[in-house]
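Protein chains: 2
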Amino acid sequence: MKKQINIGILGLGTIGSGTYSVLNSHKSDYVKRVGAKIAIKKIAVKSLNKKRLVKVPKSLLTTDVLSIVNNPEIDVVVELMGGINPAKDLILKALKNKKHVVTANKELLANYGKQIFDTAAKNDVDIYFEASVGGGIPIIRPLKRELAANRIIKVMGIVNGTTNYILTKMADEGSFFEQALSEAQAKGYAEANPKADVDGYDAAAKIAILASIAFNSRVVANQVFTEGIRAIKPQDIEYARDMNHVIKLIALAKENKEGLDVRVHPTMIPVSHPLAAVSDVYNAIFVEGDAVGEVMFFGQGAGGKPTASAVVGDIIDIAGNIIDGRTGKMKCTCYNKKQVMPVGQIISSYYLRMKVADKPGVLAKIARVFGDKQVSIGSVIQKGHGGKLADLVFITHQTKEKNLRAALMLINSLDEVSKTNNVIRVEG
Amino acid sequence: MKKQINIGILGLGTIGSGTYSVLNSHKSDYVKRVGAKIAIKKIAVKSLNKKRLVKVPKSLLTTDVLSIVNNPEIDVVVELMGGINPAKDLILKALKNKKHVVTANKELLANYGKQIFDTAAKNDVDIYFEASVGGGIPIIRPLKRELAANRIIKVMGIVNGTTNYILTKMADEGSFFEQALSEAQAKGYAEANPKADVDGYDAAAKIAILASIAFNSRVVANQVFTEGIRAIKPQDIEYARDMNHVIKLIALAKENKEGLDVRVHPTMIPVSHPLAAVSDVYNAIFVEGDAVGEVMFFGQGAGGKPTASAVVGDIIDIAGNIIDGRTGKMKCTCYNKKQVMPVGQIISSYYLRMKVADKPGVLAKIARVFGDKQVSIGSVIQKGHGGKLADLVFITHQTKEKNLRAALMLINSLDEVSKTNNVIRVEG
Chain A
105 MKKQINIGIL GLGTIGSGTY SVLNSHKSDY VKRVGAKIAI KKIAVKSLNK KRLVKVPKSL
165 LTTDVLSIVN NPEIDVVVEL MGGINPAKDL ILKALKNKKH VVTANKELLA NYGKQIFDTA
225 AKNDVDIYFE ASVGGGIPII RPLKRELAAN RIIKVMGIVN GTTNYILTKM ADEGSFFEQA
285 LSEAQAKGYA EANPKADVDG YDAAAKIAIL ASIAFNSRVV ANQVFTEGIR AIKPQDIEYA
345 RDMNHVIKLI ALAKENKEGL DVRVHPTMIP VSHPLAAVSD VYNAIFVEGD AVGEVMFFGQ
405 GAGGKPTASA VVGDIIDIAG NIIDGRTGKM KCTCYNKKQV MPVGQIISSY YLRMKVADKP
465 GVLAKIARVF GDKQVSIGSV IQKGHGGKLA DLVFITHQTK EKNLRAALML INSLDEVSKT
525 NNVIRVEG
Chain F
105 MKKQINIGIL GLGTIGSGTY SVLNSHKSDY VKRVGAKIAI KKIAVKSLNK KRLVKVPKSL
165 LTTDVLSIVN NPEIDVVVEL MGGINPAKDL ILKALKNKKH VVTANKELLA NYGKQIFDTA
225 AKNDVDIYFE ASVGGGIPII RPLKRELAAN RIIKVMGIVN GTTNYILTKM ADEGSFFEQA
285 LSEAQAKGYA EANPKADVDG YDAAAKIAIL ASIAFNSRVV ANQVFTEGIR AIKPQDIEYA
345 RDMNHVIKLI ALAKENKEGL DVRVHPTMIP VSHPLAAVSD VYNAIFVEGD AVGEVMFFGQ
405 GAGGKPTASA VVGDIIDIAG NIIDGRTGKM KCTCYNKKQV MPVGQIISSY YLRMKVADKP
465 GVLAKIARVF GDKQVSIGSV IQKGHGGKLA DLVFITHQTK EKNLRAALML INSLDEVSKT
525 NNVIRVEG
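Taken in sequence, the protein lines are chains A and F.
In my numbering, each residue carries its 1-based index in the first sequence increased by 104.
In my numbering, each residue carries its 1-based index in the second sequence increased by 104.
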């Protein structure tokens, strides 16, 4: 029996450093748990001389990534570089070399998941990716295993800490998006180029991964309708609050008769919803199953140590599997083929804020257009009466998105309507 | 390769019926997931003619429990009777007959866990018990596996729905315990004999199980200091609210230098704590790990279908393991031996409500006793000034429980003190 499981790590940034530190802090615990020592053999970095978050012996570092993925001594390759290239080729090579792989790379899995899982299966090795969604929050394996008895009805989460921090700041301080973003950048919660976070792409990759597991059917990132938070204004947050709602960047996936409804967008949710209280950089994933009802998983969705918790958890599981001789069993569960619905087909309630001429008869004109397009209005409130222009805030009943869009196109062409300033979907 | 996994179920009450119904509703999904059919061979019941929550063919029922645990055709025995006897003997017999076991029986595991896990290990079979804590909420396996990288600092949960419902009612409606209990009984949330729930024994069994996993050291039910919610009065809830706290029945386990601190009692927690918002029959378990930080698992902690979600999840995992030929690997992880601290040694803050003579000098007398016993007071508020007697409400700083108890014994013997009406521990 093996006495030691050798791992090689690709990348020593925030998560790599966290992983190094966690793996080294409880070595003797892991020996008891696994039945063998887990040893870091090599860590691939871009530069040997860069200042690091952790103290790592020089002898462990290499700039030669192939010396890890091709190393016959290494059992598990831990990919923590992120991005598609060169991570994809390195992971595929490692799998072909019969190495198990642990990765936190949501972008890669959400785009090339099938190829990667197929390659793992073909080579009878495992790929673990608990850290790819929700940082340290256990969600991938619970959804795959502990909730396996359920037909999943809905997965709905706050899976991006940066945007949740920004929206929390905006709500608490009444600030504008740009201001809250600067604060987030100053605190290190947002990157210099915040696009992947604030435009929703990071969340889209994550919900593609969760949807694939929840509905047993592969969903890729570009099938996810994605809208970021740049358009949210303090008024929207204020009007939402008046109606006992909060605005969160929600990633959601549900199954309908017509297929899977998978999307990321700012969403108004009632303050009573468990996700409404999830603030700052915290993440939470809410799952509804036909047996379990509603469950929620909450925690830190990012950061070196929390994410390392998931990475090292995966390493321990794989190491235990190697010792027990039961590898190659963490199979892909996408055994169904389901359509992803085009966004025009989705059904939702909508919050609409529009600037209109403040005079009699305007509401009647707008209401007629909604009626003609089968959009039923739940409530309408006028804000800022007395000037030339006023805000009209509508909440629609459940309606097909393409009907709403058709109605808005006509409404925006009315003389009395200056502009529709925001459209935010509402979830129960 | 096996084409079918045969299971036998012991018990057809709420959870048994839920399990039967869930197992039958998604049969074809489970075949895809497991690679074989999961078939219910027999269900043991007390009476063949009782009216059931589900329609079950008569041919499946038997009153002969041994015909299940001794049946060579059965691969997995699912024990859903509850209680120590005869569940214990039946599970041990099943394990000795090389059958895997799934159980929801927290009482049994919290008292005879060691014997049961040892027997499973000896016979190279698995025992799964996800349903024993938190109903359908995934917590056992996430704590054992996904969070394995962490040294656990604290586990703190609302793990009993009945008491949480009662405390929620008391808080929302200002009602007394007895009244809220009657309501809970009328709604079917509390049993006719509510002792196990309201006196904290159910929660104590659950935290014993969680502590054993979290700290890798066996904790049994009678090592858990246990206090129920009968003494909570509307005033306590009101005074807590004045200080931005709520009162919950909290089960907690932490590790200190002196050992494990494991207990169940009514606890004042700040309204900002994630557990404070967990109301009605919902459960939530909050885990703090040195890498992951704080994570929380939330959902329905009881009920037929939610609990069946966990039971059937376990069955699917075991069935998959049998098909993959990798059974007997869900090992007991109690590889440490840690002391459980006596309650006198624990450190906590305390809320104290006492009835005293409403005249000058009383507070000075009481304060001197606290000072003599090394109990430091954080705040004191007098409620109901102007009569003969007034309420004094103290919040202490962190102090050793035995010092607090010594101080209270002296204080209660003072002429000016009519009575200490309640002592409630405060957690941050």
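Built from N, CA and C at the ideal position, the CB exists for glycine as well.
Non-local beta-carbon contacts of H377(A) in its own chain, meaning distances under 7 Å to residues more than five positions away in sequence, are absent. Cβ neighbours of I341(A) within its own chain (closer than 7 Å, five residues either side excluded): M274, A275 and I351. Judged by their CB atoms, S321(F) and K155(F) are not nearer to each other than the 8 Å cut-off.
For N440(A), the pairing in a beta bridge is given by DSSP as S321(A).
I420(F) places its beta carbon less than 8 Å from that of A253(A). The beta carbon of V375(F) sits closer than 7 Å to the beta carbons of N348, H349 and V350 from its chain, once the five residues preceding and following it are set aside; these are given in chain order. Boundaries cannot be given for A296(F), as no beta strand (DSSP E) includes it and DSSP labels it neither H nor E. About 6 Å separates the CB atoms of L127(F) and I142(F); that is less than 8 Å, so the two are in contact.
Scanning chain A for C-beta atoms nearer than 8 Å to the C-beta of P246(F) yields P242, R245, P246 and E250, reported in chain order.
Between G238(A) and G417(A), the CB-CB gap reaches or exceeds 8 Å. Looking at the DSSP output, T166(A) shares a beta bridge with A148(A). Residue pairing by DSSP places G393(F) opposite I256(F) and G397(F) in a beta bridge.
Contacts with chain F (Cβ-Cβ distance below 7 Å) from the region 397-412 of chain A involve G397, E398, V399, M400, F401, F402, G403, Q404, K409, P410 and A412, listed in chain order.
Residues of the same chain with a CB within less than 6 Å of the CB of T118(A), apart from the 5 flanking positions on each side, are G408 in chain order. Residue contact with chain A for I420(F): present (Cβ-Cβ distance below 8 Å to some residue of chain A).
In terms of CA proximity to S151(A), L116(A) leads the group L116(A), I178(A) and K136(A). Here the alpha carbons of E392(A) and A355(F) stand approximately 26 Å from one another.
Q289(F) and E359(A) have their alpha carbons spaced roughly 37 Å apart. The three-state reading of DSSP puts K141(F) in strand, counting E and B together.
K433(A) has a beta carbon lying within less than 8 Å of a beta carbon in chain F.
Taking each of I262(A), I470(A), E362(A) and I515(A) in turn and checking the Cα distance to M445(A), the smallest one comes out for E362(A). Cβ contact annotation for N209(A) (same chain, cutoff 7 Å, sequence separation greater than five): E183, G186, A191 and S236, in chain order. For Q108(A), the uninterrupted beta strand (DSSP E) run begins and ends at Q108 to L114, by DSSP. Under DSSP, V205(F) takes part in a beta bridge, and its partners are V181(F) and I231(F).
Within a 10 Å sphere around the beta-carbon of N268(A) sit 16 or more other beta-carbons, which makes this residue buried. Residue-level contact by beta carbon fails for G363(F) and chain A, as no gap is shorter than 8 Å.
C-alpha of S171(F) to C-alpha of L194(F): approximately 11 Å in a straight line. With a contact defined as Cβ atoms closer than 8 Å, L251(A) and A307(A) miss out at about 21 Å.
For Q502(A) and A471(A), the gap between their C-alpha atoms comes out near 16 Å. In the three-state DSSP reduction, S452(F) falls in the strand class (E or B). The Cβ-Cβ distance between A318(F) and L213(F) does not fall below 8 Å. Under the 10 Å beta carbon count, N264(F) is surrounded by 16 or more other beta carbons and is classified as buried. Closest option to T123(A), judged by alpha-carbon separation, among R249(A), I147(A) and P298(A): I147(A). One Cα belongs to V385(F), the other to I241(F), and the distance between them is close to 13 Å. Here T167(F) is exposed. Its C-beta has fewer than 16 other C-beta atoms within 10 Å. The beta carbon of D222(A) lies closer than 8 Å to those of C436 in the same chain, with the five residues before and after it left out.
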